[in-house]
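A.B. asks: Going by this note's numbering, the sequence shown runs without a break in its numbering and finishes at 561.
Glycine residues also receive a C-beta, built at the ideal position from the N, C-alpha and C atoms.
Quick caveat, the model's predicted, so the values are computed rather than measured.
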Amino acid sequence: MMRSDQRLEALVPAGCHTYSKGRDQFPPNVTGLAVRGKGVRLWMDDGAEYLDWGMGLRTALLGYAHDEVDAAAIEAIRNGQNLTRPGVPEKTLAERLVTTFPEYEMFKFAKSGSDVTAAAVRLARAHTGRNTIAMCEKDFFYSYHDWFIGSTVADAGIPAFNRRLSLKFPYNDFKRLLEMVETSGDVAAIILEPVNDEEPEDFFLQRVRELCDRKGIVLIFDEMITGFRYAYPSVQRKLGVYADLATFGKAIGNGYSVAVLAGKRDIMEHGAIGNGRRRVFLMSATHGAEHSALAAGAKVLELLAGADYAAYHGACRRFVDGIAERIRRHGLDDRCQVRGLPFKPAIAFASDVVKTYFYFLLAEQRVMMPYIAQAFAHSEADVRATHDAIDRALGELKATPEAKMAAAVGDAVLKPVFRPYN
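1. Output the distance between the C-alpha atoms of Lys277 and Ile359, rounded to the nearest integer angstrom.
2. Buried or exposed: where does Ala299 fall if 16 or more other Cβ atoms within 10 Å of its Cβ makes it buried?
3. Contact between the region 186-195 and the region 413-429: three or more CB pairs below 8 Å?
4. So, is Gly234 buried or exposed, given that buried needs 16 or more other C-beta atoms within 10 angstroms?
5. For the region 264-281 and the region 333-345, state whether three or more C-beta atom pairs, one from each stretch, are separated by less than 8 Å.
6. Thinking just about the alpha-carbon of each residue, which of Ala328, Phe240, Lys230 is nearest to the one in Thr267?
7. For a test of the three-state rule: what should DSSP assign to Phe343, helix, strand or coil?
8. Measuring straight from C-alpha to C-alpha, what distance separates Pro540 and Ala546?
9. Does DSSP put Gln504 in a helix, in a strand, or in coil?
10. Output the boundary residues of the alpha helix (DSSP H) element that contains Pro228.
11. Under a three-way DSSP split, which group does Met274 fall into?
12. Are there three or more Cβ pairs, one per stretch, closer than 8 Å when the region 317-331 is compared with the region 432-449?
13. How do the region 167-185 and the region 516-524 stand: do at least 3 beta-carbon pairs fall below 8 Å, yes or no?
14. With distance defined between alpha-carbon atoms, name the residue in Met507, Asp254, Leu533, Asp491 nearest to Ala551.
15. Grab me the residues of Met422's own chain with a C-beta within less than 7 Å of its C-beta, minus the 5 sequence neighbours each way, in chain order.
16. Which of the three DSSP states, helix, strand or coil, is assigned to Ser431?
17. Please return the same chain residues whose Cβ sits closer than 8 Å to the Cβ of Leu172, not counting the five positions on each side in sequence.
18. Can Glu340 and Asn301 be called in contact, C-beta distance under 9 Å?
19. What do you get for His156, buried or exposed, if any count of 16 or more other CB atoms within 10 angstroms of its CB means buried?
20. Whole-angstrom Cβ separation of Val419 and Gly413, contact assumed at under 8 Å?
21. Considering Met141, what are the terminal residues of the beta strand (DSSP E) in which it resides?
22. Can you find at least 3 beta carbon pairs, one from the region 216-236 and one from the region 435-442, that sit closer than 8 Å?
Encoded structure:
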């Protein structure tokens, strides 16, 4: 009998609506479809219950199905999701955002981070009259739109000129970025996650800011992941370096579909009405301001403003240090290592087979950890339970030859999302 996830894959390409949820991102013993999430628990239709560290692609910072956030969304639903005129939830969220981010003057909402980063690129091109986008090569993903996907190996169906309009620079390598900008002469925007898996060095972000000011380039910070995780409310606030345009999402909605483009008025008003400027058609979408998502976003911002970030960051540090200590104790530094920063750590493996087998062993213990997206809702008991599961998995990993691991996972070895062939 066909499993539910197999049936979905027969009806929907890849069996999901974001490739990070595809079966090739999980070990073969994670099967079925998700039925429900609450807090940091995930229930599947095959009866499995997991302690989850993926948290909905890093969206559920407060935990799944947060009562106050859901109540705000439900109230908005009862008043109508999508009305003929702009709604009060749009104003409410915009006003809360300008309080949260006084460095920005205007905001535009969408349903995904892809849409707001694409809009930022469009605004930058209109504002500068240039076409080339310089992006950080370390950043995994900006958008599913042509301007970015055309720069990856998964570029089927995208006109080749998009690649010619993309430059990729290494993080913390200001000299290389400067060379690219000088050689091109056509850079409209520099876009990057201000912090990814390493901290900026030698005033890197300040120098990028100064370069943009000197060359008339629009600086875009993608804070989809860093926003409200690395610091409250942003990397920019903590480090004191501000972009011209910034994008936020994921944590803002706590699972509801809302993303935000924040920007300076003189740039954002390219998408306004009545000012006589040439129009930038800026994210005109029927469901872009769906009231339930905006109401949820406003409530999330209210809750995060009072959250204990010192405790959260301490918990993140203890969790990642505990993983690293267990790897050392088992003498497995040659097979796996903890990398990155505590707000977004990752475990690097010697091979995809070792990686798949490790997560296979965790899934056997009902721990789902496709990546680590620690939430405020993860308790000390959750951390201890996960450390214990990791300890057992590492013990098994140490005792198992890689050939035996390969036999256990079969052809279901985890694969990169960005690859030229399915």
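C.D. replies: The short version:
1. 15 Å
2. exposed
3. no
4. Rather than Gly, the amino acid found at residue 234 in this sequence is Glu. Exposed, since its Cβ has fewer than 16 Cβ neighbours within 10 Å.
5. yes
6. Ala328
7. helix
8. 10 Å
9. coil
10. 227-239
11. strand
12. no
13. yes
14. Asp491
15. Lys247, Ala249, Asp254, Ala258
16. helix
17. Ser143, Asp144, Leu147, Met183, Asp184
18. no
19. exposed
20. With 8 Å as the limit, Val419 and Gly413 do not qualify as a contact, their Cβ atoms being about 14 Å apart.
21. Run containing Met141: none; DSSP gives neither H nor E here.
22. yes
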